[in-house]
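Written out below as structure tokens is the structure these notes cover.
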Amino acid sequence: MSGVAFSIILLVLVTVCTVYSVGLMMQAVEMTGYNSYAELSKKLFGRGWDHFTVVLTWLFTFGTCVGYVIAIGRLLEPVLSDPSLPEFLALRGWQSRGDKCNLVCGMFSLSLPKEINSLRYASAVGVICIYYFIACIVVHSVQHGFRGGKLRDDVAMFKSGNGAIEGLSIFMFSYLCHMNCFSIFGEMRKPSARRMTLHTACSMSLCCIAYIVAGFFWLRRLWGRGDGHCSRVL
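Laid out in structure tokens, this is it:
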């Protein structure tokens, strides 16, 4: 929607801004000693701002959870509509059951531990699955998305108008990792703003590379074919 080159520029810009913002937050924690959004809001802006911050935090986390459930549902939809599946699995009710199972067994259960460190194994499995998915996209695109071994010529590098900045909102949502920063900072062995910024830079760089590879190769496959399930998720 923004053009290939412009999308990459936006993605890199959002990556840099994310690392910078996390670094500023951790510097504020070091200087004030307040290790939460609510505490920072109350001490720096006054009474009542902590409640306002808690409401915003709840709205954000709830909306994020709903977004992920919808994304998983869109991934399950083409799987459950495969003609090779048994007839009873192709019914609409199975997708609804899959969404509920993902919400209860996946997201709800992973939100119960008190410490972020308790989720390290689940996070590792999730990251492995994501990179496996990206590898599948690359292989599928190489097999079907090229013409004569060359890239297709019908892809815009830059776009203009309001549509060109639509991708910015998607990238900003994709990089909203700030909710867990305070907990991660508090559980570090030697917490410091410098170390937290360095770790954030490494993780965000990996995310940036993953987004660029997945988006570029999936675009090669779907350009000119309309919208698809996986393209909406990506």
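The sequence shown begins at 1 in the UniProt record's numbering and counts up one residue at a time. Where is the CB? At the ideal position from N, CA and C, for every residue including glycine.
Assigned secondary structure, residue i (DSSP; H/G/I helix, E/B strand, else coil)
i	result
E77	helix
D227	In this predicted model, D227 has a pLDDT of only 46, less than 50, meaning its place in the structure is not dependable enough to derive any value.
L112	coil
L176	coil
G215	helix
N35	coil
R47	coil
S84	coil
S160	coil
Local Cβ density within 10 Å of residue i, reported as buried at 16 or more and exposed below that
i	result
C136	exposed
V4	buried
Y211	buried
C181	buried
I134	buried
residue 235	As displayed, the chain neither begins before 1 nor continues past 234, which places residue 235 out of reach and without an answer.
residue 244	Given that the chain is displayed from residue 1 to residue 234, the structure contains no residue 244 and the question cannot be resolved.
G215	buried
S141	buried
residue 240	Nothing can be reported for residue 240: it is not among the residues displayed for the chain, which extend from 1 to 234.
Residue i to residue j span [Cα, whole Å]
i	j	result
I24	A193	Looking at the sequence shown, residue 24 is not Ile but Leu. For L24 and A193, the distance between alpha carbons rounds to 8 Å.
residue 243	Y131	This structure gives no information on residue 243, because the portion of the chain shown stretches from 1 to 234.
S36	A28	10 Å
residue 235	V12	Lying before the first or after the last residue shown, residue 235 is absent from the chain, which here runs from 1 to 234.
M57	S84	Just to set this straight, residue 57 is Thr in the shown sequence, not Met. Whole-angstrom Cα-Cα distance: 43 Å.
T32	V127	34 Å
C129	S123	10 Å
E115	W218	36 Å
Q143	C17	36 Å
S41	T15	25 Å
Start and end residues, alpha helix (DSSP H) containing residue i
i	result
R189	Premise fails: R189 is in no alpha helix (DSSP H) and is neither H nor E.
V142	R120 to H144
L103	Run containing L103: none; DSSP gives neither H nor E here.
Contact with chain B by residue i, beta-carbon distance below 9 Å
i	result
V19	Structure shown: chain B not included; a single protein chain is present.
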